[in-house]
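Colleague: Handing you this structure, nothing more for now.
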Ligand SMILES: [Zn+2]
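Residue numbers (this note's numbering): 2 to 409.
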C-alpha cells in the first residue's frame, strides 16, 4: 500500500515536470490547467493561440495542483484554493536554461483553474536591442534613457509586450550605482540587482503606497503602472524628486496617454514638465521565413491601407514607388503553425517636444485635444502603430492581414 502511494507521488512529480518542461522548451507562453465536471484539460498558448495539449484523469487533479503549489511555495491547501484565489512563482532549470513560471489560481465551480505564465530565460529576452523596436522609435528611446528624471510611458492593451520592453529597459539601466525599484502585481521577470515588490492590492498592499516608499528610499529608477489618480500622482511626485519613472498605461495609442493623464486631474504643467517620451506598442504574428511567399499587392490593397509614396517616405522604406513594392503571405509548413512563428513588435513613439508641451499647457483653448496632439506628433515624424506594422510587412516579417488587426 505504501509502495503504491510512493509510486503515485513519483507519477505526479513527473506529470508536473512534463507539463512545465514541455511548455518551456516549445515556446509556450501560458499553461492553463482547467477542471471540469468529469475531466481536466491542459491547454497551451503559443504565438497568441490556445490549443489542447494534455488530458490527465480528473482523479490526479488535486495531487497535481498540490504538487504545483508546493513547487511555487504556495502554502494554501487544495481545499483553500477551491474557495480563494492565490498566486506564486517558481524557477526550474530545463536543458541548462533557467525558466521562471508565474502561477495563479482562481476557484471555478469545478475546482481551482490554474494559469501558469512561462517566462523565457531572461538573458535572452530582456535586451532592448533584441526587441525589434523601429529605428525611429529606438533612437527616441535611446535619447530618453540619457535623462535622469521624468516619465517614459509605455502604452498598449494587455499582451502588447509592455512589461518585456520595460524590464529590458531596466536591465539596460541596471548598474551598481543605481537604486532601481519596481511595483508589480504580480512580478513577471526577475532581474538580479533590481528591487522588485510584489504588490497585493487584495490585502491592502497598494502600489501607490509602495511608490511613496520608493521616494523615501531615494530611488533613481522605478517601474509602475499608471492606472489611477493615486498612482499617477505618486509617479509624478517621484519624477519631481529626481526619479526616472517607467510607467505603463492601457491606452490604444500614444497621443491618448496625454489626454488620459489630463483627465486624471494632473495639472497640465506637470505633464508638460515631466513626460518626455510615450511609446505605444502591439505585437503582430511573425511570418515563418521558411514558407513565406512574395506577392505584388493589387491597387485595391494599396488603397485600403493608404499605401502611397508619401507613406513609404514617412516610414523610411528605401523603395518609395508603390508600383514596385511587394508583400508576403504564407500557408504554413512543417516548421511553423499556419505560416507564423513568434511575434514582431510594432510601435508608435511620441516625443514630447516643445510644440506638444505648448498644446498640453493650453488645453483649455483646444476643442479636439487628442486630434491636435496626433497631428502635431505626426508632423514631427511620429510613425503610427499601423504604419510601423506596414513597414514590418514590407520587410517580410508579417502580413498586411495581421497589420489590419491593429486597432487604434
Ligand atoms: Zn512555415
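Cβ atoms here follow ideal geometry from the backbone N, Cα and C, with glycine treated the same way. Here the structure is a predicted model, which means the values were calculated and not measured.
Use the C-beta contact count for residue 147: other C-beta atoms within 10 angstroms, 16 or more gives buried, fewer gives exposed.
Modeller: Residue 147 should be labelled exposed.
Colleague: Could you check what DSSP says for residue 2 in three-state terms: helix, strand or coil?
Modeller: Here residue 2 scores only 44 on pLDDT, less than 50, and its place in the model should not be relied on; the value that follows carries that caveat. Of the three classes helix, strand and coil, the one that applies to residue 2 here is coil, per DSSP.
Colleague: Below 8 Å, can you find three or more Cβ-Cβ pairs linking the region 203 to 220 to the region 239 to 251?
Modeller: Cβ pair count under 8 Å is three or more, so yes.
Colleague: For residue 406, collect the residues of the same chain with a Cβ closer than 6 Å to its Cβ; drop the 5 residues on either side in sequence, then sort them by chain order.
Modeller: Result list for residue 406: empty, nothing under 6 Å.
Colleague: Following the continuous beta strand (DSSP E) through residue 88, name the residue where it begins and the one where it ends.
Modeller: Looking at the DSSP string, the run of the beta strand (DSSP E) that includes residue 88 is 87 to 95.
Colleague: Quick one, are the C-beta atoms of residue 104 and residue 115 less than 8 Å apart?
Modeller: Yes; because the gap between Cβ atoms is below 8 Å, this pair is in contact.
Colleague: Could you work out which residue in 367, 377 and 345 is closest to residue 353 when comparing CA atoms only?
Modeller: If we check each option's Cα against that of residue 353, 377 comes out closest.
Colleague: Going residue by residue through the region 315 to 368, where are the continuous beta strand (DSSP E) segments of at least 3 residues, counting only ones entirely within it?
Modeller: Runs found: 328 to 330 and 341 to 352.
Colleague: I need the boundaries of the beta strand (DSSP E) containing residue 42, first residue and last residue.
Modeller: Looking at the DSSP string, the run of the beta strand (DSSP E) that includes residue 42 is 41 to 47.
Colleague: So the alpha helix (DSSP H) residue 169 belongs to, where does it begin and stop?
Modeller: Run containing residue 169: 163 to 174, per the alpha helix (DSSP H) assignment.
Colleague: Based on the DSSP output, what are the partners of residue 280 in its beta bridges?
Modeller: Bridge partners of residue 280: 155 and 350.
Colleague: Specify, as a first and last residue, the run of the alpha helix (DSSP H) that residue 233 falls within.
Modeller: That run of the alpha helix (DSSP H) goes 230 to 241.
Colleague: Which residues mark the beginning and the end of the beta strand (DSSP E) in which residue 36 is found?
Modeller: It spans 31 to 36 - the beta strand (DSSP E) in which residue 36 sits, taken as one unbroken run.
Colleague: Indicate, with yes or no, if ligand 1 has a heavy atom lying under 7 Å from the CB of residue 83.
Modeller: Every heavy atom of ligand 1 is 7 Å or more from the Cβ of residue 83, so no.
Colleague: I need the DSSP call for residue 385, collapsed to helix, strand or coil.
Modeller: Looking at residue 385 - three-state DSSP - the assignment turns out to be coil, as it is neither helix nor strand.
Colleague: Where does residue 70 fall in DSSP's three states?
Modeller: In this structure, residue 70 counts as helix in the three-state DSSP scheme.
Colleague: Check whether the Cβ of residue 333 lies closer than 7 Å to any heavy atom of ligand 1, and answer yes or no.
Modeller: Yes, the Cβ of residue 333 comes within 7 Å of a heavy atom of ligand 1.
Colleague: Measuring only the C-alpha atoms, how far is residue 78 from residue 67?
Modeller: For residue 78 and residue 67, the distance between alpha carbons rounds to 7 Å.
Colleague: Applying the 10 Å Cβ sphere with the 16-neighbour rule, what's the burial state of residue 195?
Modeller: Label assigned to residue 195: buried.
Colleague: Please say whether residue 388 and residue 345 have beta carbons closer to each other than 8 Å?
Modeller: In this structure, residue 388 does not lie closer than 8 Å to residue 345 by Cβ.
Colleague: State the DSSP-derived secondary structure class of residue 118, mapped to helix, strand or coil.
Modeller: Three-state result, residue 118: strand.
Colleague: For residue 196, which beta-bridge partners are listed by DSSP?
Modeller: Looking at the DSSP assignment, residue 196 forms a beta bridge with 182.
Colleague: On the three-state DSSP scale, how would you describe residue 188?
Modeller: DSSP places residue 188 in coil when its eight states are reduced to three.
Colleague: Residue 162: beta carbon under 7 Å from a heavy atom of ligand 1?
Modeller: It does not: the Cβ of residue 162 is nowhere closer than 7 Å to a heavy atom of ligand 1.
Colleague: What do you get for residue 226, buried or exposed, if any count of 16 or more other CB atoms within 10 angstroms of its CB means buried?
Modeller: Result: buried.
Colleague: Would you check if there are 3 or more beta carbon pairs closer than 8 Å linking the region 305 to 316 to the region 89 to 109?
Modeller: Not touching, per the Cβ criterion.
Colleague: With distance defined between alpha-carbon atoms, name the residue in 218, 340 and 61 nearest to residue 10.
Modeller: Among 218, 340 and 61, the Cα nearest to that of residue 10 belongs to 61.
Colleague: When burial is assigned at 16 or more other CB atoms within 10 Å of the CB, is residue 244 buried or exposed?
Modeller: Under this definition residue 244 is a buried residue.
Colleague: What are the boundary residues of the alpha helix (DSSP H) that includes residue 225?
Modeller: First-last for residue 225: 222 to 226, but that is the beta strand (DSSP E), not the alpha helix (DSSP H).
Colleague: To the nearest angstrom, how far is the alpha carbon of residue 385 from that of residue 393?
Modeller: Those two C-alpha atoms are separated by around 12 Å.
Colleague: Note down the Cα distance separating residue 111 from residue 218, rounded to an integer number of angstroms.
Modeller: One C-alpha to the other measures close to 45 Å.
Colleague: Just to confirm the assignment, what range does the beta strand (DSSP E) spanning residue 108 have?
Modeller: Segment 98 to 109, the beta strand (DSSP E) holding residue 108.
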